[in-house]
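Residue numbers (my numbering): 1425 to 1512.
Notes for the one structure printed next.
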């Protein structure tokens, strides 16, 4: 499965101060590269009303992503109370 990162996601990762959270996010992103279907990703939920938008729970953070034509596009990585303000 191919993965693309938007610039906004790269900026979001740089803003995270906690090494523990960064390590957890890195672990999930590495796992995403290895999976063959979305069902294998833990804590993945579809966002209602958006056919290709999903989120992954990582502690107090959420990874917002799109799944289009066998490609996962990582859009945002923000705190849980801000995810729906900036994604989708």
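Heads up, the beta-carbon is just placed ideally off N, CA and C, and yes, glycines get one too.
Since the model is a prediction, treat every value here as computed from it, not as a measurement.
- request: Grab the span of the alpha helix (DSSP H) containing residue 1507 for me, first residue to last.
  value: 1507-1510
3-residue-minimum beta strand (DSSP E) runs that sit fully inside the stretch 1430-1507, ordered along the chain: 1468-1470, 1477-1482, 1485-1492 and 1495-1503
- request: Rank 1451, 1445, 1468 and 1505 by C-alpha distance to the C-alpha of residue 1490 and give the top, closest one.
  value: 1468
Length of the line joining the Cα atoms of residue 1501 and residue 1428: 14 Å
query: Alpha carbon to alpha carbon, how far is residue 1505 from residue 1425?
result: 29 Å
message: Does residue 1499 pass the burial test, meaning 16 or more other C-beta atoms within 10 Å, or should it be called exposed?
response: buried
field: Local Cβ density within 10 Å of residue 1486, reported as buried at 16 or more and exposed below that
entry: buried
query: When we look at the beta-carbon of residue 1510 and count the other beta-carbons within 10 Å, is it buried (16 or more) or exposed?
result: exposed
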